[in-house]
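Student: Dropping a structure here in structure tokens format, bear with me for questions.
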Amino acid sequence: MVTQNSIKAYIAQIPPAPKVLKQTLAFINQGELTQAAKCAEADKALHAYLKTLVNKPIYGFKNEVSDLSQIFGILGTSGAQQVLYNYMLSLLSPSQWELFKLDEPLFFDLQAQLNQQWKRILRHLNIDNRDIESAITLLPASIIVCEALFKAHHDEVALLRSVKEIDYNTILYRLSGMNLFDMCRLIAKKWEMPQRIAVIVTLASGDNASDDALLNQLGQWMHLLLFYEFSKGPYIEAGLNDFLEFHIDYVADIYEEFMSVMEVS
Amino acid sequence: MRAVVKNRIGIFHPQGFLDGTNVPMLLSLEDIQATEKLDIDMLLVSLKKVIFFNKNGLDVFVKLLSNIRSKLHIVIGFCDYDTKKYQAISKFYENDLNFSLFRTQNIAMLFAATNRDESKKVLVYNPEASQRSSIAIELFDNGHHPVIAQSHKEFEEKKQYADNFDIIVEETFLGLFGQKIATRVRGNAVIYSVSNYLDAEISDSFNIAYHNNSLNVGFRLFIFDAYKVVSMNIHAFNFFAKLASAAAEYNATLCFVGLTFEKTPESFKNDLEDSGIMFFDKMEEILENKELLEELGGSSAAVTKNKRALNKVLVNELPRFIDATVSTIEMMTNAKASKEGASVQDISVDKSSKHIASSIGFYGDIDGMVALSFPHSIAKKTCELLLGEATDSEEEIIDALAEFVNIIGGRVKSLLLEKNINVNITLPRTYTSIDALLQVVEGKKGVQVDLNFDGENFIFFLTR
């Protein structure tokens with residue numbers, strides 16, 4: 209099954225963040241959105257990604273938006289950072305999914321959906337922080353890592369799961385001492401993402417706790433949001449509903465509030 | 039989503055939010071077909087990790103479970119819920135609750151038709167008198183000792199002394215129950231609970247595959263708990279006569295306990311006695327009489343007459359069995375297991391060694407049994423992936439070992455299917471000592487393969 213060596217090999221092959229992206233992020237961090245847009249022009253794939261994203265119905269624009277400075281202007285500094293991290297993650301995602309029944313548009317939709325819902329939650333919690341807003345972008349890395357490590361072991365895991373209720377994250381931890389969220393942390397480090405992002409995503413696993421009450425609270429909300437999204441039909445069909453364990457007790461005290469934010473009756 | 043099967047109970051484990059739009063996505067056509075092929079007594083949906091559900095969502099599950107019940111005649115329902123969820127389900131299906139509700143999986147196991155649990159003292163409460171009685175009757179049929187609280191006040195009082203009970207059954211509802219004959223194992227005796235009118239339907243409700251396998255793995259005493267039988271007709275009589283002659287081949291004994299002959303012809307009794315079936319008035323006459331128990335074969339699971347020879351077909355498939363074992367160990371430990379040697383012989387184990395063992399039977403195009411005997415430490419290492427946190431609990435290790443041989447059984451089944459050999463696998467059986475294993479396999483010729491894992495040897499034994 210998955211070995212320490214296969215984990216090391218996977219981590220080693222993760223590319224560092226592209227130079228253009230790093231520069232663009234640096235401009236965004238300085239609040240220089242026009243400069244960031246100019247810099248991003250050099251990456252055609254990034255341009256196409258951003259154009260597709262902001263023209264999704266979830267952004268609600270009537271006319272097509274295609275100019276990069278206009279796109280960055282719409283997104284703002286927090287939104288732009290978030291979208292750039294999403295783009296980095298999309299570079300890591302496989303061209304052909306095997307373990308999960310995902311494809312590029314569906315994965316893209318999941319990213320966009322998580323971003324929007326996370327913004328909604330942060331607004332509700334009165335939190336306005338660029339890194340916290342961007343933390344959600346790292347979460348789908350757990351899906352990409354799971355796909356990469358387990359795609360060759362689908363039948364073995366299915367056999368194991370026919371006699372034992374056990375999820376991929378737990379299997380990985382028991383085999384290697386590392387779980388999918390530890391792997392996300394390593395990716396964040398390699399991509400030089402702010403440390404706070406990695407901490408929040410680790411807490412979103414529901415397996416860990418922090419001494420910091422705010423980070424714990426964010427971990428809870430992110431954990432529940434993840435399973436709220438994973439309970440949607442297309443993601444259930446893709447096999448995302450049970451690759452992680454949902455810790456119902458971990459989110460019990462925010463459940464009612466979450467349902468009210470999501471306007472579920 | 040596939041059901042996880044343990045002790046003949048299949049359980050779906052959905053997570054998150056369940057509504058009418060997403061539940062159909064949880065169960066693909068392949069999932070439904072795979073579920074229909076399961077050899078189980080009960081099919082449940084666990085609500086442990088479900089934070090939100092509505093009636094539309096549950097309706098989809100109920101429809102699927104009901105379809106499967108009509109085909110497999112099994113118990114269906116939901117389990118693993120809290121009070122709030124129980125009240126919500128009860129309200130949703132106020133006038134139409136025809137499935138069962140079990141507060142926990144452990145409670146559900148008390149009601150499973152094929153029950154290998156020790157007899158348990160159970161405190162029972164349900165506000166409805168008819169439910170209280172139904173629950174108590176089913177528990178009793180499954181060999182447990184129910185204590186019914188007649189009022190909520192009495193229940194709360196008794197609950198104060200929870201240590202007096204092995205388990206407390208509350209917020210549990212028995213809907214349309216399965217039509218399978220309840221089966222339990224006490225020591226080395228298999229007890230079937232039969233009731234009402236015994237007629238031609240007995241051949242549908244009696245799990246003959248389970249019975250045959252019990253004979254194969256060495257059970258020699260089969261008791262029909264017939265206190266609640268009103269009468270028996272000629273079809274049922276023929277069924278039992280055939281069962282008796284099949285049992286004779288294995289030197290096994292069939293007994294009826296508590297059967298009265300007010301409405302059943304006395305001649306049936308004489309004829310069944312001629313077939314070798316014995317009749318007793320009370321269960322205690324057998325179970326509490328050690329000498330009689332030994333004489334009838336219920337004190338050990340040794341197979342005395344059934345020394346069936348290994349055949350060429352089975353030996354030809356030996357590499358597949360060994361592959362399945364070795365690859366399962368490698369899959370679960372990421373360590374290599376190697377073959378040290380193989381020979382056809384009686385099982386040879388150092389009786390002084392502290393081994394634990396597990397076996398699984400298979401039947402169909404070919405039949406036999408695989409037994410694995412491990413040193414304690416190796417069993418623990420082998421099952422680490424299933425055990426999770428480090429544990430020294432013998433019970434947990436034994437439990438994981440049973441899951442482990444179940445996985446091997448699953449692999450054997452699929453490897454044999456590649457060669458168009460169809461087999462079904464039985465429930466795994468575990469042994470806490472070498473002596474217990476030897477009682478089953480001693481004197482039987484088989485192929486013993488010594489395997490090495492992590493520097494220590496363990497034994498693979500394939501026999502019939």
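Chains S and U, in that order, are what the protein sequence lines are.
Each residue of the first sequence is one higher than the one before, starting from 209 at the first, in my numbering.
Each residue of the second sequence is one higher than the one before, starting from 39 at the first, in my numbering.
For each residue, glycine too, the CB sits at the ideal point set by N, CA and C.
From a predicted model like this one, the values you see are computed outputs, not experimental measurements.
Less than 6 Å between C-beta atoms, sequence neighbours within five positions excluded: which residues of the same chain meet that for Phe466/S?
Tutor: For the purposes of this step, residue 466/S is taken as the residue at position 258 of the first sequence. For Phe466/S, where only same-chain residues beyond five positions count, the Cβ hits under 6 Å are Leu432.
Student: Which whole-angstrom value describes the C-beta separation of Ala245/S and Leu276/S, a residue pair presumed to lie in contact below a C-beta threshold of 8 Å?
Tutor: Numbered from its first residue, the first sequence carries residue 245/S at position 37. Numbered from its first residue, the first sequence carries residue 276/S at position 68. Between Leu276/S and Ala245/S the Cβ distance is about 4 Å, and since that is below 8 Å, they are a contact.
Student: Examine chain S for any beta-carbon lying closer than 8 Å to the beta-carbon of Arg141/U, and answer yes or no.
Tutor: By 1-based counting over the second sequence, the position of residue 141/U is 103. Answer no: the Cβ-Cβ gap between Arg141/U and chain S never drops below 8 Å.
Student: Verify whether the separation of the beta carbon atoms of Lys392/U and Asp492/U is less than 8 Å.
Tutor: Reading the second sequence from its first residue, position 354 is the one you call residue 392/U. Reading the second sequence from its first residue, position 454 is the one you call residue 492/U. Taking 8 Å as the Cβ cut-off, Lys392/U and Asp492/U do not qualify as a contacting pair.
Student: Using C-beta distances below 6 Å, list every residue in its chain close to Lys196/U, excluding the 5 sequence neighbours before and after it, in chain order.
Tutor: If you number the second sequence from 1, residue 196/U lands on position 158. Here the set comprises Leu161 and Ala187.
Student: Could you spell out the range, first to last residue, of the alpha helix (DSSP H) harbouring Val232/U?
Tutor: In the second sequence, residue 232/U corresponds to position 194, counting from 1. Segment Ala227 to Leu236 is the beta strand (DSSP E) holding Val232/U; no alpha helix (DSSP H) there.
Student: My parser needs the beta strand (DSSP E) runs of 3 or more residues fully inside the stretch 301-384 of chain U; what are they?
Tutor: 316-318 and 375-384
Student: Please confirm if the stretch 309-316 of chain S is in contact with the stretch 421-430 of chain S, defined as three or more CB-CB distances below 8 Å between the two stretches.
Tutor: no
Student: In chain S, which residues lie less than 7 Å from Phe55/U when you measure between Cβ atoms?
Tutor: In the second sequence, counting from the first residue as 1, residue 55/U sits at position 17. Chain S residues near Phe55/U: Tyr436 and Ser439.
Student: Determine the extent of the alpha helix (DSSP H) in which Gln508/S is found, giving its start and end residues.
Tutor: Given that chain S is displayed from residue 209 to residue 473, the structure contains no residue 508/S and the question cannot be resolved.
Student: Give me the chain U residues within the contact set of Ser370/S, using Cβ-Cβ distance strictly less than 7 Å, ordered along the chain.
Tutor: Counted from its first residue, the first sequence places residue 370/S at position 162. Here the neighbours are Arg40, Val42, Val43 and Gly448.
Student: Please decide whether Asn94/U counts as near chain S, where near means a Cβ-Cβ distance under 8 Å.
Tutor: Taking the first residue of the second sequence as 1, we reach residue 94/U at position 56. It does not: the Cβ of Asn94/U has no partner Cβ on chain S nearer than 8 Å.
Student: Going along the chain, which unbroken runs of the beta strand (DSSP E) with 3 or more residues stay wholly within the stretch 131-178 of chain U?
Tutor: 138-140 and 159-162
Student: Starting from the Cα of Ala150/U, find the closest Cα among Asp179/U, Asp388/U, Ile459/U and Leu500/U and give me that residue.
Tutor: Numbered from its first residue, the second sequence carries residue 150/U at position 112. Minimum Cα distance to Ala150/U is reached at Asp179/U.
Student: Which of the three DSSP states is assigned to Asn182/U in this structure?
Tutor: For the purposes of this step, residue 182/U is identified with residue 144 of the second sequence, where counting begins at 1. Rather than Asn, the amino acid found at residue 182/U in this sequence is His. Correct three-state label for His182/U: coil.
Student: Please return the same chain residues whose Cβ sits closer than 7 Å to the Cβ of Lys370/U, not counting the five positions on each side in sequence.
Tutor: Taking the second sequence and counting its residues from 1, one reaches residue 370/U at position 332. Looking at the sequence shown, residue 370/U is not Lys but Met. These residues qualify, in order along the chain: Thr420 and Leu423.
Student: At the 8 Å Cβ level, is Lys327/S part of the contact set with chain U, yes or no?
Tutor: Start at 1 with the first residue of the first sequence, and residue 327/S comes out as number 119. By this cut-off, Lys327/S is not an interface position.
Student: 8 Å is my cut-off, CB to CB: does Leu322/S come that close to chain U?
Tutor: Taking the first residue of the first sequence as position 1, residue 322/S is located at position 114. No, because no Cβ of chain U sits closer than 8 Å to the Cβ of Leu322/S.
Student: Could you tell me whether the Cβ atoms of Phe116/U and Leu85/U are closer together than 8 Å?
Tutor: Numbered from its first residue, the second sequence carries residue 116/U at position 78. Numbered from its first residue, the second sequence carries residue 85/U at position 47. A contact, by the Cβ cut-off of 8 Å.
Student: Check for me: the alpha helix (DSSP H) holding Asp415/S runs from which residue to which?
Tutor: Taking the first sequence and counting its residues from 1, the one referred to as residue 415/S is at position 207. No alpha helix (DSSP H) contains Asp415/S, which DSSP labels as neither H nor E.
Student: Counting along the chain, where does the beta strand (DSSP E) carrying Phe257/U start and finish?
Tutor: If you number the second sequence from 1, residue 257/U lands on position 219. Note, Phe257/U: premise wrong, no beta strand (DSSP E); not H, not E.
Student: Would you decide whether Asn294/S is buried or exposed? Buried here means 16 or more other CB atoms lie within 10 Å of its CB.
Tutor: As a working mapping, residue 294/S is identified with position 86 in the first sequence. Label assigned to Asn294/S: buried.
Student: Taking the alpha carbon of Leu465/U as the point to measure from, which residue in Asp437/U, Leu489/U, Asp312/U and Gln486/U has its own alpha carbon closest?
Tutor: Here residue 465/U refers to the residue found at position 427 of the second sequence. Answer by Cα proximity: Asp437/U.
Student: By the 8 Å beta-carbon criterion, what residues does the stretch 367-398 of chain S contribute toward chain U?
Tutor: Leu367, Leu368, Arg369, Ser370, Val371, Lys372, Glu373, Ile374, Thr378, Ile379, Arg382 and Leu383
Student: Determine whether the Cβ of Glu441/U lies closer than 8 Å to any Cβ atom of chain S.
Tutor: Counted from its first residue, the second sequence places residue 441/U at position 403. Chain S, which has a Cβ nearer than 8 Å to the Cβ of Glu441/U, makes this yes.
Student: Helix, strand or coil: which one does DSSP assign to Cys354/S?
Tutor: Locating residue 354/S in the first sequence gives position 146, where the first residue counts as 1. Three-state result, Cys354/S: helix.
Student: Under 6 Å Cβ to Cβ from Phe454/S, same chain only, skipping five residues before and after it: list those, please.
Tutor: Locating residue 454/S in the first sequence gives position 246, counting from the first residue. Phe435.
Student: Here's the rule: buried if 16 or more other CB atoms are within 10 angstroms of the residue's CB, otherwise exposed. What is Phe257/U?
Tutor: Start at 1 with the first residue of the second sequence, and residue 257/U comes out as number 219. Phe257/U should be labelled buried.
Student: Going by C-alpha distance, which of Ser468/S, Leu261/S, Ser274/S and Leu383/S is nearest Ile215/S?
Tutor: Numbered from 1 along the first sequence, position 7 holds the residue referred to as residue 215/S. It is Leu383/S.
Student: Report yes if the CB atom of Val42/U is closer than 8 Å to the CB atom of Arg331/S, and no otherwise.
Tutor: In the second sequence, residue 42/U corresponds to position 4, counting from 1. In the first sequence, residue 331/S corresponds to position 123, counting from 1. Cβ atoms of Val42/U and Arg331/S: not closer than 8 Å.
Student: If you measure from the beta carbon of Tyr458/S to each beta carbon in chain U, is any gap under 8 Å?
Tutor: Taking the first residue of the first sequence as 1, we reach residue 458/S at position 250. Not closer than 8 Å to any Cβ of chain U, the Cβ of Tyr458/S fails to qualify, so no.
Student: CB-CB under 6 Å to Leu56/U, same chain, minus the five flanking residues each way: which ones, in chain order?
Tutor: Locating residue 56/U in the second sequence gives position 18, where the first residue counts as 1. Val88, Phe91 and Gly95, listed in sequence order.
Student: Could you have a look at Gly268/S and say whether DSSP puts it in helix, strand or coil?
Tutor: In the first sequence, residue 268/S corresponds to position 60, counting from 1. Coil at Gly268/S, not helix or strand.
Student: Please report the residue range of the beta strand (DSSP E) in which Ala409/U lies.
Tutor: Counting from one through the second sequence, the residue named residue 409/U turns up at place 371. That run of the beta strand (DSSP E) goes Gly406 to Pro413.
Student: Contact criterion: CB-CB distance below 8 Å. Does Met209/S meet it with respect to chain U?
Tutor: Taking the first residue of the first sequence as 1, we reach residue 209/S at position 1. So, interface residue.
Student: Excluding sequence positions up to five away, which residues of its chain have a Cβ less than 7 Å from the Cβ of Arg40/U?
Tutor: Position 2 of the second sequence, counted from the start, is the residue given in the question as residue 40/U. Taken in chain order, the residues that qualify are Asp69 and Ala72.
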